[in-house]
Amino acid sequence: MVTIRDVAERAGVSISTVSNVLNQSKYVGDDLKRKVYEAVEELNYVRDSVASNMKRGYTKTIGVITSDICGLFYPYIVKGIYETISKYGYSLTIYDSHVLKNENGVKKEEESFKHLFSNKVDGVIFVSNVSKKKEKQYIEKIKTEACMLKETPLVSLERDFSKYGVDSVFYNNKKTAEMAVNHLIDCGCKKIVFIGGPIQEEVPEERKQGYLKAMKEGGFKVDKKIMMEAGDYTHESGYMAMNALLNRNEGIDGVYVANDQMAIGALKALKECNIRIPQDVKLIGTDNVFVTSMLEPPISTVHIKKRYMGRRAAQILLQRIEELQNAQGEAKANSGHQVIAEEMETTLVVRKSTDLTAKEEMVFVE
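Just so you know, the working numbering puts the end of the sequence shown at 380, numbered straight through with nothing missing.
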């Protein structure tokens, strides 16, 4: 294996000169540069970029923690992150904190953080399922761990942790749910049932609260025991939840589903029962993933700028990494600067699952 010492000997210069030329860390005259590059080419020398980066204190790797990488939602976000960081020579290490029944999602999330910090990633973009009651203590703990081996900036997705000093890119889950339910009410629905996400997680809880608020303000009573069902964001759970709601309720004319993937399962259950959509029951989901525009009928939903959210999170993280490198370790991760709290806009997308007159269009979503 050819080493930097071999290059220095062939070029007739010192090892430090070769290093300065290849890393562009100090000025080297054109004549010496030419000798070094000729030696590199003659010996077919390949620099160990990992070792080089480690010496400088960074790994050119970004960590990402999602809560279900196999779902239809997070791949958009990851794509946005990768598109942004790859332009600057960074790679991704992805951990998924999705859990099976009876597993502890927050514990799995913590383990993901520890693995990423131990591998000295340059920053972490994360989704957290910690409860609102425990979030302050949890985030403070994660921030402390992020500074143990090296200063590691953090950016939160979906949840606003800016009050704890963590940059955040998020959207308002309550407003998103209210937008969907109010659309069903405007369409004339009077008995609207709700299919939510895992009950132990905060995002599904916020969407549930949005559903309840919209129903209350619309003058409709909700029997929580029979009109609400929790799924796990998969189409299978949406299918089972819809069947359970149909068995417990009469006169359902509207269904709000906390994500599109479960809405797909709910659509299948309704059609198997020969329930016409939207004539008998109107159905709306959340997220606006591509497949919702291609079903029969296409599913109304609330559009969340997923890919853009990933890009913005990556841009903010790269900014923090650059600030740390420029400060040469004097700055602290997620401190000493104006914390960013950026709320993403959400918009209603009306399709034929709630309105027969809606135009059929091929929708490209991000």
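Every residue gets a Cβ at the ideal spot worked out from N, C-alpha and C, and that includes glycine.
{"Check": "With DSSP as the reference, please indicate the residues paired to Phe127 in a beta bridge.", "Outcome": "None, per the DSSP bridge assignment."}
{"Check": "Which parts of the region 27–104 are runs of the alpha helix (DSSP H), unbroken and 4 residues or longer, counting only runs that do not cross its ends?", "Outcome": "29–37, 44–57, 63–70, 88–99"}
{"Check": "Given Lys93, which residues of its chain have a CB within under 7 angstroms of its CB, disregarding the five upstream and five downstream residues?", "Outcome": "Arg321, Gly324"}
{"Check": "Does the beta-carbon distance from Val141 to Leu130 come in below 8 angstroms?", "Outcome": "no"}
{"Check": "Quick check on the DSSP output: the beta strand (DSSP E) that includes Glu172 runs from which residue to which?", "Outcome": "168–172"}
{"Check": "Using the rule of at least 16 other Cβ atoms within 10 Å of the residue's Cβ for burial, across every protein chain shown, is Met162 buried or exposed?", "Outcome": "exposed"}
{"Check": "Roughly how many whole angstroms lie between the Cα atoms of Met256 and Ser367?", "Outcome": "15 angstroms"}
{"Check": "Report the three-state DSSP secondary structure of Gly245 (helix, strand or coil).", "Outcome": "coil"}
{"Check": "Please list, in chain order, all residues of the same chain as Pro218 whose beta carbon is under 8 angstroms from its beta carbon, the five residues on each side excluded.", "Outcome": "Gly210, Gly211, Pro212, Ala244, Ala272"}
{"Check": "Would you say Ser81 reaches chain C, if we count a Cβ-Cβ gap shorter than 8 angstroms as a contact?", "Outcome": "No chain C appears in this structure, which consists of one protein chain only."}
{"Check": "Tell me which same chain residues have a C-beta within less than 8 angstroms of the C-beta of Lys35, skipping the five on either side of it?", "Outcome": "First, the residue type needs correcting, since residue 35 is Val and not Lys in the sequence shown. If we look at Val35 and ignore the five residues flanking it on each side, its Cβ neighbours are Val42, Leu46, Lys47, Val50, Tyr51."}
{"Check": "Output yes or no for whether 8 angstroms exceeds the beta carbon distance between Ile240 and Asn263.", "Outcome": "yes"}
{"Check": "Could you name the residues of the same chain whose beta carbon sits closer than 6 angstroms to that of Ile199, not counting the 5 residues immediately before and after it, in chain order?", "Outcome": "Gly232"}
{"Check": "Where does Glu356 fall in DSSP's three states?", "Outcome": "strand"}
{"Check": "Taking the straight line between their C-alpha atoms, what separation do you get for Leu297 and Val364?", "Outcome": "10 angstroms"}
{"Check": "Please list the terminal residues of the continuous alpha helix (DSSP H) segment that includes His197.", "Outcome": "187–200"}
{"Check": "Note down, in chain order, each residue of its chain lying with its Cβ closer than 8 angstroms to the Cβ of Ala345, except the 5 sequence neighbours on either side.", "Outcome": "Low confidence applies here, because Ala345 scores a pLDDT of 45, under 50, leaving its location unreliable and the question unanswered by this model."}
{"Check": "Please specify which runs of the alpha helix (DSSP H), each continuous and at least 4 residues long, are wholly inside the region 130–164, giving them in chain order.", "Outcome": "149–159"}
{"Check": "On a CA-only basis, which of Ile278, Cys287, Ala328 is nearest Thr315? Give me that one, please.", "Outcome": "Ile278"}
{"Check": "At the level of alpha carbons, what is the spacing between Ala372 and Ser105?", "Outcome": "42 angstroms"}
{"Check": "For Phe208, write down the residues that DSSP places opposite it in a beta bridge.", "Outcome": "Met242, Tyr270"}
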